[in-house]
Amino acid sequence: MNGELRRGVRSSGVLVNHVWPPSTFLGRLRNTTREELLGQGTPIAYPTHRALLQQGDDSRHVLLITRGVVKVVASAESGYDMLLAVRIAGDLVGEMAAFEERPRSGTVVACSDVTARIIQVQALETFLTRHPDAMRAILQMLCARLRWANRRRVDFQAYDSLTRLARVLAELCQAYAQPAPDGDGRRCDLGVTLTQKELASLAGLKLNTAEKSLAALTAQGLVERSYRNITICDVPKLMEFAKVVADNPY
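Numbering (my numbering), first residue to last: 270 to 519.
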């Protein structure tokens, strides 16, 4: 099986009755629409660190992530790599290039073993035409992603580095976090594995600035750090500190 995963071969088995996070595309759909969508396209599996989609590629398909976590990274001509987004099971990736018929604007990389369904854009368009709730979910998803990008642009001018990092952590927490097993409902694990460099990219900070800001949040008892993992110690206090309202930004 490991050899098959390294080659990214097709895999079967989709969790039709799985509870998908409400922030994801699948989480926004009606049960019957979701079940039909999970039967579309071709199933495929990718190992950790494998690129699912490549920046600059002209392919015209989308990927529906059914298991695992991926990162969307954009590379500049100068060689600088920037983390643009994190996507989890239930999310759709690659839709921008597919719908616009333009080269892909970023590379999607597996952070863990990932399964997905490859859906050609023509098949997706036909599916959306038959299911107005799926079309509405696509629009909601695109609007939420635009809102996230706009918030980061506002944050760059409106807040200091410490608050900017806190806001990124708070919004990632709203979208992806899982309650910590040792918590009382106020603690949660961030839910995605990010390096400090990647956190710096999301917040638009230099690496040394992000490191200092993360250390300050730790000293204030808002977060705890271990290797590539962040635990939010008190979600309401972090939201208050970050000036983030209690709505999901995705």
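Each residue gets a CB set at the ideal place from its N, CA and C atoms; glycine is no exception.
C-alpha gap between residue i and residue j, whole angstroms
i	j	result
VAL513	LEU306	33 Å
ASP503	ARG436	14 Å
PRO505	ILE499	16 Å
GLN447	PRO290	11 Å
ILE313	VAL288	21 Å
ALA392	GLU369	15 Å
PHE294	MET410	7 Å
MET508	LEU438	9 Å
LYS481	GLY454	28 Å
ARG433	ALA379	26 Å
SER328	GLY375	13 Å
LEU322	GLU440	25 Å
GLU522	THR395	Only positions 270 to 519 of the chain appear in the structure, and residue 522 is not among them; the question remains open.
ARG275	SER495	Confidence at ARG275 is low in this model, with a pLDDT of 33, below 50, so the placement of that residue should be treated as unreliable; the coordinate-derived value is given next. Looking at the two C-alpha atoms, the distance is approximately 29 Å.
Reference residue i; option with closest CA among the options
i	options	result
GLU346	LEU471, GLN324, PRO291	GLN324
GLY359	ALA449, ALA444, GLN465, LEU476	ALA444
VAL473	LEU298, ALA354, LEU408, ILE407	Checking the sequence, you will find Gly at residue 473 rather than Val. If we check each option's Cα against that of GLY473, ALA354 comes out closest.
PRO372	ASP326, THR395, THR398	ASP326
HIS400	ARG297, THR302, GLY308	THR302
GLU467	LEU322, ARG336, PRO316, TYR349	TYR349
ALA511	ARG494, ARG421, SER495	ARG421
MET365	ASP402, LEU408, SER344	LEU408
ALA418	ARG494, LEU471, LEU459, GLN309	LEU471
ALA320	ALA413, LYS340, ASP458	LYS340
Range of the contiguous beta strand (DSSP E) that encloses residue i
i	result
GLN324	Unbroken run through GLN324: none, as it is neither H nor E.
LEU431	Premise fails: LEU431 lies in the alpha helix (DSSP H), 430–445, not in any beta strand (DSSP E).
GLN309	Element bounds for GLN309: n/a, residue is neither H nor E.
LEU332	330–336
ARG356	350–357
7 Å Cβ cutoff met for residue i and residue j
i	j	result
CYS442	ILE357	no
ILE387	THR311	yes
GLN465	ALA479	yes
LEU476	ALA484	no
LEU352	VAL342	yes
VAL331	ALA367	yes
MET404	LEU415	no
VAL362	VAL377	yes
TYR315	VAL390	no
THR335	SER381	no
ARG299	ALA406	no
Closer than 7 Å to chain D by CB, residue i
i	result
LEU468	Looking for chain D here will not work: only one protein chain is present.
- What are the complete beta strand (DSSP E) segments, minimum 3 residues, inside the region 468–513? Taken in chain order, the unbroken stretches of beta strand (DSSP E) that lie wholly in the region 468–513 and span 3 residues or more are 492–495, 498–501.
In chain order, each alpha helix (DSSP H) run of at least 4 residues that lies wholly inside the region 369–416: For secondary structure counted as the alpha helix (DSSP H) over 4 or more consecutive residues, the region 369–416 holds these complete runs in sequence order: 390–399.
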